[in-house]
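Presented below is the structure to which this report refers.
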Amino acid sequence: MDELQEKFCQQFSDVLYLSLENSGALEEYLHHQKWIDANEKIVSLEKPGEGNMNVVVRVITDQQRFIVKQPRPWVNKYPQVAAPMNRVEVEATFYELIATYNKLKASTPNLIGYDAEQFLLALEDLGNGSDFTDLYQKGKSITREEISTLTVFISQLHQIRSSTVSVNVPANQAMKELNHEHIFNYPFLENNGFNLNDVQPGLQEVSLKYKRNEELKAKITRLGERYLAAGNTLLHGDYYPGSWLKTTSNIAIIDPEFAFLGDPEFDIGVMVAHLVMSEASSELVQQVLDEYNQPDGYDESLQCAYSGVEILRRIIGLAQLPLSLSLEEKRSLLTQATNWIQQY
Ligand SMILES: Nc1ncnc2c1ncn2[C@@H]1O[C@H](COP(=O)(O)OP(=O)(O)OP(=O)(O)O)[C@@H](O)[C@H]1O
Ligand SMILES: [Mg+2]
Numbered sequence: 037m038d039e040l041q042e043k044f045c046q047q048f049s050d051v052l053y054l055s056l057e058n059s060g061a062l063e064e065y066l067h068h069q070k071w072i073d074a075n076e077k078i079v080s081l082e083k084p085g086e087g088n089m090n091v092v093v094r095v096i097t098d099q100q101r102f103i104v105k106q107p108r109p110w111v112n113k114y115p116q117v118a119a120p121m122n123r124v125e126v127e128a129t130f131y132e133l134i135a136t137y138n139k140l141k142a143s144t145p146n147l148i149g150y151d152a153e154q155f156l157l158a159l160e161d162l163g164n165g166s167d168f169t170d171l172y173q174k175g176k177s178i179t180r181e182e183i184s185t186l187t188v189f190i191s192q193l194h195q196i197r198s199s200t201v202s203v204n205v206p207a208n209q210a211m212k213e214l215n216h217e218h219i220f221n222y223p224f225l226e227n228n229g230f231n232l233n234d235v236q237p238g239l240q241e242v243s244l245k246y247k248r249n250e251e252l253k254a255k256i257t258r259l260g261e262r263y264l265a266a267g268n269t270l271l272h273g274d275y276y277p278g279s280w281l282k283t284t285s286n287i288a289i290i291d292p293e294f295a296f297l298g299d300p301e302f303d304i305g306v307m308v309a310h311l312v313m314s315e316a317s318s319e320l321v322q323q324v325l326d327e328y329n330q331p332d333g334y335d336e337s338l339q340c341a342y343s344g345v346e347i348l349r350r351i352i353g354l355a356q357l358p359l360s361l362s363l364e365e366k367r368s369l370l371t372q373a374t375n376w377i378q379q380y
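Numbering (this note's numbering), first residue to last: 37 to 380.
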C-alpha cells in the first residue's frame with residue numbers, strides 16, 4: 037500500500053479504494069451493488085484516457101464495459117492540492133438532472149449508478165475516442181459541425197434555469213473556491229513561486245506586466261466575485277476541449293464536476309477562450325456566437341471578460357495547456373485578453 041492509499045484508507049476506512057490494481061475488491065463491490073450480474077467477471081481494468089482530478093477506470097467484464105470514477109480528497113495528479121470529495125455528487129446530480137432532457141441526455145454518458153457512501157460513479161463507456169485537447173496543436177482544427185454540436189448542447193443546457201424549473205444541484209462552493217483560486221487569484225500573484233520560464237523561456241518576464249497591472253487585477257477580482265456568487269443558470273463549469281469527447285458517431289460532453297448555477301457568460305467565455313488559444317478561425321468563433329441561443333439578460337461584454345481571464349490564467353497560471361504558441365503569439369493573446377477584460 038503506498039503512502040497516499042494509506043492516507044485515504046485512514047480517512048475513509050470503509051471506502052473501496054478504486055485503482056487499476058484493485059480488481060478483486062472492485063468485482064466483489066460491483067456484485068454487491070448489482071451493477072454487474074452475479075456470475076459476471078472482470079476481465080481487465082484500463083485507464084480510459086488522461087485526467088488530473090480523479091481516478092477513472094474502464095471496467096471490462098466478460099459481458100460489458102463501463103467507466104467507474106472516484107475522487108480523492110486531493111487532486112489525483114497533485115496530491116498536495118486538496119479538493120472536495122463531493123465533486124462526485126455534483127457530477128452524479130448533473131447527469132441525473134439532464135437525463136430528463138432528451139437532447140442533453142443524448143450527448144452525455146448514461147449514469148449507470150452512483151454510490152454516495154463509496155464516492156463512486158459508474159458511467160456508460162463511450163468508447164476509446166480521445167478528447168479534443170489535440171486542438172492546441174498546429175494544423176489541428178475543429179469542424180463547423182463539431183462547433184454546432186457543442187453550441188447546441190450548451191445553449192440547451194443554459195435553458196435550465198432555477199427561475200423557471202427546480203434545479204437540484206449542490207452549490208459546489210468548495211470546487212468553485214478551488215477553481216477561483218486558479219482562475220482569478222494565483223496567476224496574478226507576482227511571487228506565486230511558479231517560474232513560467234520553466235514552461236517557456238521569457239514567459240515569466242512577459243507575465244509581470246499583467247501581475248503588476250493593478251487596474252486589471254481589480255477588474256479580475258470583481259469578475260472572481262461574480263464567479264463565486266450564485267446565479268440561476270445551470271452551467272457545465274469546465275466547458276473546454278478536455279470535456280469534449282470524440283465518439284464514433286458524434287461528440288459527447290463529459291466531466292461536469294465543476295457544474296454550478298451561475299453566469300452563462302462563463303461557459304461561453306471559457307469555450308471561446310479555448311477556441312482562440314487553439315487558433316480557430318474567427319469564422320468558427322463567430323459561429324459559436326451566432327448559433328448560441330442567448331438567455332435573457334445575456335451580456336456579451338461579460339462573456340468577453342471571462343474569455344480574457346481564461347486566456348490569461350491558462351498562459352500565466354498553473355493550469356497550463358499543451359499550447360503550441362511562440363512567446364510572441366502568447367504576448368499578442370495576452371494583450372487581446374486584457375482588452376476584453378478592460379472593456380467590461
Ligand atoms: N464515459 C466515458 N467513456 C469513455 N471514456 C471516458 C468516459 N469518461 C471519461 N473517459 C475518459 O477518461 C478521461 C478522464 O475522464 P474525466 O475527464 O472524467 O476525468 P477527470 O479526472 O475528472 O479529468 P480532469 O482532470 O480533466 O478533470 C477522459 O478524458 C476520457 O478520455
Ligand atoms: Mg474533471
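Just so it is clear, CB atoms sit at the ideal spot from N, CA and C, and this is done for glycine as well.
Query raised in the report: Cβ of Met313 within 6 Å of any heavy atom in ligand 1?
Result: False, no ligand heavy atom lies under 6 Å from that Cβ.
Query - Pairwise C-alpha distance: Val312 and Asn110 - result: Checking the sequence shown, residue 110 turns out to be Trp, not Asn. Pairing Trp110 with Val312, the inter-Cα distance amounts to about 31 Å.
Requested in this report: Give the straight-line distance between the Cα atoms of Arg367 and Lys139, rounded to the nearest whole angstrom.
Outcome: When the Cα atoms are used, Arg367 and Lys139 turn out to be separated by approximately 40 Å.
Query raised in the report: Got a sec: does ligand 2 put a non-hydrogen atom nearer than 6 Å to the Cβ of Asp167?
Result: Because no heavy atom of ligand 2 lies under 6 Å away, the Cβ of Asp167 does not count as near it: no.
**Report entry** Completely contained beta strand (DSSP E) runs for the stretch 140 to 181, where each covers 3 or more residues
**Finding:** The stretch 140 to 181 contains these whole beta strand (DSSP E) runs: 147 to 151 and 156 to 160.
Query raised in the report: Taking just the CA atoms, how far does Met121 sit from Lys83?
Result: Taking the straight line joining both Cα atoms gives about 21 Å.
Report task. Confirm, please, whether the CB-CB distance from Leu297 to Ala266 is below 7 Å. Result -> Using a Cβ distance threshold of 7 Å, Ala266 and Leu297 count as a contacting pair.
Requested in this report: For Asn329, I'd like the list of residues in its chain whose CB is within less than 7 Å of its CB, leaving aside the five on either flank, ordered along the chain.
Outcome: Ser191, listed in sequence order.
Query raised in the report: Distance, Cα to Cα, Glu319 vs Gly175?
Result: Cα atoms of Glu319 and Gly175: separation of roughly 16 Å, rounded to the nearest angstrom.
Query raised in the report: Mind checking if Gly278 is an interface residue toward chain C, Cβ cutoff 7 Å exclusive?
Result: In the structure shown, chain C cannot be found, because there is only a single protein chain.
**Report entry** Buried/exposed call for Thr169, threshold 16 Cβ in 10 Å
**Finding:** Classification for Thr169: buried.
**Report entry** First through last residue of the beta strand (DSSP E) which encompasses Tyr114
**Finding:** Per DSSP, Tyr114 is one residue of the beta strand (DSSP E) stretching across Tyr114 to Ala118.
Query - Gly229, DSSP secondary structure in three states - result: Shown here, Gly229 sits in coil according to DSSP, grouped into three states, outside any helix or strand.
Report task. Tell me whether the beta-carbon of Ala373 lies closer than 7 Å to the beta-carbon of Leu348. Result -> Taking 7 Å as the Cβ cut-off, Ala373 and Leu348 qualify as a contacting pair.
Query raised in the report: So the beta strand (DSSP E) Ser80 belongs to, where does it begin and stop?
Result: Taken as a continuous stretch (DSSP letters only), the beta strand (DSSP E) holding Ser80 covers Ile78 to Glu82.
Query raised in the report: Does the stretch 220 to 231 touch the stretch 350 to 369, meaning 3 or more C-beta pairs lie closer than 8 Å?
Result: With a cut-off of 8 Å, the stretch 220 to 231 and the stretch 350 to 369 count as touching, because enough Cβ pairs lie within range.
Requested in this report: Could you work out which residue in Gly333, Asp335 and Val324 is closest to Ile183 when comparing CA atoms only?
Outcome: Minimum Cα distance to Ile183 is reached at Val324.
Query - Backbone secondary structure at Phe130 - three-state DSSP - result: In the structure shown, Phe130 sits in a helix (DSSP, three-state: H, G or I).
Query raised in the report: Three-state secondary structure (DSSP) at Ile96?
Result: DSSP places Ile96 within a strand segment (E or B) once states are collapsed to three.
Query raised in the report: How is Val321 classed by DSSP in three states: helix, strand or coil?
Result: Residue state, collapsed to three classes: helix.
Query - Range of the contiguous beta strand (DSSP E) that encloses Ala288 - result: Per DSSP, the unbroken beta strand (DSSP E) holding Ala288 starts and ends at Ile287 to Ile289.
Query raised in the report: Sorted by chain position, which residues of the same chain lie with C-beta nearer than 8 Å to Gln154's C-beta, five sequence neighbours on each side aside?
Result: Around Gln154: Val51, Leu52, Tyr65 and Gln106.
Query raised in the report: Can you give the Cα-Cα distance for Tyr263 and Lys212, rounded to whole angstroms?
Result: Rounded to the nearest whole angstrom, the C-alpha separation of Tyr263 and Lys212 is 8 Å.
Requested in this report: In the DSSP assignment, find the alpha helix (DSSP H) that holds Thr269 and state where it starts and stops.
Outcome: Per DSSP, Thr269 lies in no alpha helix (DSSP H) segment; the continuous beta strand (DSSP E) that holds it begins and ends at Thr269 to Leu271.
Query - Helix, strand or coil at Lys70 according to DSSP, with G and I counted as helix - result: In this structure, Lys70 counts as coil in the three-state DSSP scheme.
**Report entry** Element boundaries [alpha helix (DSSP H), containing Arg350]
**Finding:** Following the DSSP letters along the chain, one finds Arg350 inside the alpha helix (DSSP H) bounded by residues Glu336 to Ile352.
Query raised in the report: Is Asp291 near ligand 1, judged by its Cβ being under 6 Å from some heavy atom?
Result: The answer is yes for Asp291.
Query raised in the report: Going by the C-beta, is Met89 closer than 6 Å to any heavy atom of ligand 2?
Result: Checking every heavy atom of ligand 2 against the Cβ of Met89, one is found closer than 6 Å.
Query raised in the report: Just the Cα atoms here: how many angstroms apart are Tyr131 and Asn146?
Result: The straight-line gap from Cα to Cα measures roughly 7 Å.
Query - DSSP beta-bridge partners of Val91 - result: DSSP lists Gln106 as partners of Val91.
Query raised in the report: Taking the beta strand (DSSP E) that Phe296 falls in, what are its first and last residues?
Result: Phe296: member of the beta strand (DSSP E) spanning Phe296 to Gly298, first to last residue.
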